[in-house]
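Read through the structure below, which is laid out as structure tokens, and then see the notes.
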Ligand SMILES: *Cc1c(COP(=O)(O)O)cnc(C)c1O
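Residue numbers (the UniProt record's numbering): 1 to 268.
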């Protein structure tokens with residue numbers, strides 16, 4: 001199966017485009033001064049949803065975010081190369097090298113939280129660039145910061161962020177450190193509006209400021225804001241929001257997710 005044979009339901013495409021239009025307008029009205037990147041978080045949603053958005057001719061939609069290596073891998077193999085993929089989910093060390101090596105249009109890995117994982121991504125990207133000369137850019141990476149201090153959250157502690165950033169800059173020539181990412185505490189997220197300050201976003205901004213102050217010639221984007229709190233995140237200086245459910249609707253359980261819709265007369 002390839003994107004040419006993928007069926008797109010016109011009703012569904014219309015709905016998705018409406019949701020995208022609404023989100024895009026909200027984002028630009030919140031900070032007309034600065035373009036904020038919108039990552040469309042498509043995890044557990046079918047590839048046909050991604051294609052429908054990517055192919056629309058009204059609003060450019062190239063940045064898509066996924067959380068699971070296997071799922072991303074499958075989607076990337078059947079969807080157009082013009083998609084810019086972001087890996088935003090929890091990273092397993094043993095998946096880092098294959099992730100970076102096998103997906104030429106992987107644009108950014110947003111969830112780096114250890115030097116070991118950075119080193120594996122470095123190995124993978126280096127191998128990819130050696131065998132595929134059409135891949136010319138370094139792989140962007142963001143360091144995920146655990147701004148809420150919750151044990152359940154991945155990410156480095158704010159105080160350890162500088163060391164990891166320094167490691168990536170010094171030891172990983174095929175990676176480009178592009179920013180810091182946080183998810184933040186759910187309760188704070190739920191209390192966030194365009195008018196309130198969210199402590200996780202303050203923490204990420206302050207951490208970035210400190211790192212930039214210590215490292216010469218580094219600029220760091222802030223990746224913060226999801227469906228429930230992106231308005232506040234943009235007000236607090238976010239450069240990139242990651243929005244899933246307000247575009248694609250509620251997600252199914254992982255075990256029920258379907259990447260490829262059945263197409264008549266065609267095998268999986
Ligand atoms: C799932 C996910 C999102 C999107 O969440 P929504 O609330 O559906 O917008 C954003 N960031 C990360 C890291 C995620 O895992």
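Glycine included, C-beta positions come from ideal geometry on N, C-alpha and C.
Worksheet item: What separation, rounded to the nearest whole angstrom, lies between the Cα atoms of residue 104 and residue 122?
Response: 14 angstroms
Discussion item. Distance check for residue 206 and residue 151, CA to CA, integer angstroms please.
Written reply: So the two alpha carbons sit approximately 21 angstroms from each other.
Discussion item. In the DSSP assignment, the beta strand (DSSP E) including residue 176 goes from what residue to what residue?
Written reply: 175–181
Discussion item. Runs of 3 residues minimum, wholly inside the stretch 189–249: which ones carry the beta strand (DSSP E) assignment?
Written reply: 221–223 and 240–243
Worksheet item: Can you tell me whether residue 216 is buried or exposed, with buried defined as 16 or more other CB within 10 angstroms of its CB?
Response: Exposed, since its Cβ has fewer than 16 Cβ neighbours within 10 Å.
Fill in: Residue(s) in a DSSP beta bridge with residue 11
In the DSSP assignment, no residue is bridged to residue 11.
Worksheet item: residue 113 to residue 143, Cα distance in whole Å?
Response: 6 angstroms
Worksheet item: If you follow the beta strand (DSSP E) that residue 142 is part of, which residue opens it and which one closes it?
Response: 139–144
Discussion item. Residues in the same chain with beta-carbon distance under 6 angstroms from residue 74, minus the five sequence neighbours each way, listed in chain order, please.
Written reply: 259
Worksheet entry | Run of the beta strand (DSSP E) containing residue 65, from where it starts to where it stops | Taken as a continuous stretch (DSSP letters only), the beta strand (DSSP E) holding residue 65 covers 63–66.
Fill in: Test item: CB-CB of residue 78 and residue 2 under 9 angstroms
yes
Item to complete: On a CA-only basis, which of 111, 41 and 202 is nearest residue 334? Give me that one, please.
Response: What is shown of the chain runs 1 to 268, which leaves residue 334 out entirely.
Discussion item. Can you tell me where the alpha helix (DSSP H) holding residue 120 begins and where it ends?
Written reply: First-last of the alpha helix (DSSP H) with residue 120: 115–131.
Fill in: Whole-angstrom distance between residue 62 and residue 82, CA atom to CA atom
7 angstroms
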